[in-house]
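Heads up: the sequence shown runs through residues 52 to 202, numbered per the working numbering. First up is the structure itself, then whatever we jot down about it.
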Amino acid sequence: MNAQVVFATVTGNNEKIADIICRKLKKLGVNVKEIEMFQADADEFQHADIGVICSYTDEGYLPDEGADFCDDLERLDLSGLVFGVAGSGDPVYREHYNSVVDDLSEMLNHAHATQGSDNVKIKLTPNHQDAETLNQFASQLVKVANKIKQN
């Protein structure tokens with residue numbers, strides 16, 4: 052099983068989130084490729100069993116460095132991909148707090164991917180409890196991907 056984990060970060064928090072998810076996926080026997088969003092090719096999701104995006108919200112919008120990646124996602128048919136979305140944000144932004152997590156999830160659903168786990172929204176730097184949540188998130192993605200492969 053293969054996974055593509057894409058992250059966008061300014062503070063390093065989403066890279067930490069991606070790292071936690073990647074470690075768990077690897078422990079579960081998944082081959083993982085982790086890459087920053089500005090370097091990522093959305094087409095790679097078509098060759099993965101699991102796709103994960105970890106992003107921040109930039110004043111209510113997708114980060115600029117993810118514009119090309121997200122534009123490309125919108126034109127793909129990702130049937131067969133199991134996805135999950137997580138992100139770190141600061142609640143000081145109130146209505147925009149981690150809103151891109153939901154936007155990315157909606158985008159992947161429109162591309163016919165299967166949501167394998169609930170979205171995860173983390174306040175700032177992931178703590179021990181957040182790491183547990185992210186481990187469960189990764190485990191759920193693998194569980195759903197295995198179920199799809201068996202059918």
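The beta-carbon is built from N, C-alpha and C at its ideal position, and this holds for glycine as well.
Checklist entry - With which residues is isoleucine 173 paired in a DSSP beta bridge? => result Ser139
Checklist entry - By how many angstroms is the C-alpha of cysteine 73 removed from the C-alpha of serine 190? => result 11 Å
Checklist entry - In terms of residues, what are the limits of the beta strand (DSSP E) holding glutamine 55? => result 53–58
Checklist entry - Would the beta-carbon of leucine 175 fall within 8 Å of that of aspartate 141? => result Result yes, Cβ atoms of leucine 175 and aspartate 141 sit closer than 8 Å.
Next on the checklist: Given this structure, state the Cα-to-Cα distance separating aspartate 119 from glutamine 180, to the nearest angstrom.
Outcome noted: 33 Å
Item to check | Beta-carbon separation (whole angstroms), glycine 135 vs glycine 167, contact threshold 8 Å | outcome: 6 Å
Item to check | Simplified DSSP state of threonine 108, which is helix, strand or coil | outcome: coil
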